[in-house]
Structures are given as C-alpha cells and as structure tokens.
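Trainee:
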Amino acid sequence: MSSTTESSPPEVKVLNFGVLLIHNYQWLDAAGFIDYLNTHSHNYLKLLNAPAHLLSEVPIMNWHYLSSTGDLEDVVASAGPPHRPTTTFAECPELDYLVVPGPDVTKPLSEDCIKFVQERYPKLKGLLTICSGSLAIAQTGVLDGVQAASNKWLLGILAKAGLLNRKVKWVGDRRFVVDGKAWTGAGVTAGIDLAAEFARVHFPKEVVEFVQEISEYEPNPAQPDPFARLLEGVKLD
0 MSSTTESSPP
10 EVKVLNFGVL
20 LIHNYQWLDA
30 AGFIDYLNTH
40 SHNYLKLLNA
50 PAHLLSEVPI
60 MNWHYLSSTG
70 DLEDVVASAG
80 PPHRPTTTFA
90 ECPELDYLVV
100 PGPDVTKPLS
110 EDCIKFVQER
120 YPKLKGLLTI
130 CSGSLAIAQT
140 GVLDGVQAAS
150 NKWLLGILAK
160 AGLLNRKVKW
170 VGDRRFVVDG
180 KAWTGAGVTA
190 GIDLAAEFAR
200 VHFPKEVVEF
210 VQEISEYEPN
220 PAQPDPFARL
230 LEGVKLD
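Under numbering that gives the first Met the number 0, the residues of the sequence shown are numbered 0 to 236, in order.
1) Which residues bound the alpha helix (DSSP H) around Asn61?
2) Assuming Leu44 and Leu54 form a contact by the criterion Cβ under 8 Å, report the distance between their Cβ atoms to the nearest whole angstrom.
3) Can the beta-carbon of Ala147 be found less than 7 Å from the beta-carbon of Ser133?
4) Check whether the Cβ atoms of Phe16 and Ala194 sit closer than 7 Å, and answer yes or no.
5) Going by the CB atoms, is the gap between Gly101 and Trp182 shorter than 7 Å?
6) Pull up the CB-CB distance for Pro84 and Leu97, whole angstroms please, since I reckon it's below 8 Å.
7) Let me know the beta strand (DSSP E) ranges lying completely inside the region 65 to 102, each 3 residues or longer, listed in chain order.
8) Three-state secondary structure (DSSP) at Arg228?
9) Using a 10 Å radius around the Cβ and a threshold of 16 neighbouring Cβ atoms, would you call Lys106 buried or exposed?
10) Quick one: grab the DSSP three-state call for Gln222.
11) Output yes or no for whether 7 Å exceeds the beta carbon distance between Ala227 and Asp172.
12) Consult DSSP for Leu193 and reduce its assignment to one of helix, strand or coil.
13) Leaving out the 5 sequence neighbours to the left and right, which residues in its chain are closer than 6 Å to Val233 when beta-carbon positions are compared?
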C-alpha cells in the first residue's frame, strides 16, 4: 500500500486520513470504508472527468497507513497480500481523521500504539472505526463514556464472558453510531455505510448521489438494523 498524497490546486481543501492497521485486521473493514470514501475525493473524481463544479466541492484526500507496532514492517490482514505502512508513529504528519479497521480483539495494543492514539485524538476532527476497531480503541480510553457500535457477534461473546469494556456505551441496534467526533461502524460491511454517512454529512448532495450511481450502491441507514437480533437479551451496560 503506498501513501496517496497530492498537492492542492487553488481553493481545494485537503484532508489527511491516517489508517491504523492492527495485525490480523479484517481486510474488508479497511478496503470497503477507504475505497468508498475515497471515491468522493478530488483525486478520484478528476480521473473520471467529473464536471468542474463537482471537483471544486470535494477535497483532496491523502491517506497515511500506520502499523499498530509503529514501524514500517508489513502488516498481515485477514486476507490479501501483506500491507506495507507508509509512515511511523514518530513521523506521521498531522491528521484530520484516524480510521481503524477491526482486528483480533484478543491481542492487546502496544503501549506505543495506545500513546499514539491518546496523543492524537484531541487534535482529530474525527475518529472512524469499523467493526471490532472500536473494541480495540476502547483500550486507549478515548471512547470512555461515548456511544459506540461494534461487531455485534463479538459484543455478545465478550459480554457473556464478562470481558466487555463497560466504560464505553455500547449500542447494539444500529449499523453505525455518531457521538461527537467518534464515528463507529458495526460489523464489517457496516463500514461502507459508515463511509456513506460521513460523505452525506460532509459533501454536497450531488457528489454523494453521483458516487452512489457509479458505485451502484444504496447505503443502509443506522436503523433499522436487521442484525440487532444478534444481541437480543444481551446486556451491554
């Protein structure tokens, strides 16, 4: 994975996204969210020869990939080829948003990773997690007292085993939750809906509808969530 960084034409906004790749993360968590959101970017729409008035309304998106170990060693996902980080904790530029695909939650985050998230979070415009990414980030404390979605199957297992972090206000009946600057998606494919909601809030309606058409995708709302049944009778608080 190479870093995608582009200089800004006059009056075009630039957004810097960090992507925290935690070893054994779900590949679709990352690919679905990133690719769908990036389709709204100036970089991508320019390739499609989109009308000039649309290009002037969307930002350049730069993507910076980090390993949860903070180095440049390859990160292995649930599928696909090894992914090469593009920056380290020490050299990562200022970020507008941090994206966290869901990993194996049985593995604790390193102290360096926790420190990185804690230090960067106050300056972020938003934290965006997909699937079990919220469960992993809960280890840092930045989600304490925050309403958050996650993979419902995992929430149920952890709750029944008495291992669920109760400092977070887990929500079990939505595809995604937005609480302040924390944007959290439920299981795997909900990441695409989270990206679609982020686009709906931040980009012009004409751009959002154009991307839906070229992607042949109709986003799901937060509710009703057909997978809420997975947590029926499970106490999350």
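Beta carbons: idealized from backbone N, C-alpha and C, even for Gly.
As the structure is a prediction and not an experimental result, all values here were calculated from the model.
Mentor: Judging by the given coordinates:
1) Where Asn61 is concerned, there is no enclosing alpha helix (DSSP H), although the beta strand (DSSP E) it sits in stretches over Ile59 to Ser66.
2) At roughly 6 Å, the Cβ-Cβ gap stays under 8 Å, so Leu44 and Leu54 are in contact.
3) The answer is yes: Cβ separation under 7 Å.
4) Their beta carbons are not under 7 Å apart, which means Phe16 does not touch Ala194 by this criterion.
5) Not a contact, by the Cβ cut-off of 7 Å.
6) Actually they do not touch by this definition, with Cβ atoms about 14 Å apart.
7) Whole beta strand (DSSP E) segments, 3+ residues: 96 to 99.
8) For Arg228, the secondary structure class from DSSP, reduced to helix, strand or coil, is helix.
9) With fewer than 16 other Cβ atoms within 10 Å, it is exposed.
10) Correct three-state label for Gln222: coil.
11) Taking 7 Å as the Cβ cut-off, Ala227 and Asp172 qualify as a contacting pair.
12) In the structure shown, Leu193 sits in a helix (DSSP, three-state: H, G or I).
13) Here the set comprises Gly155 and Ala158.
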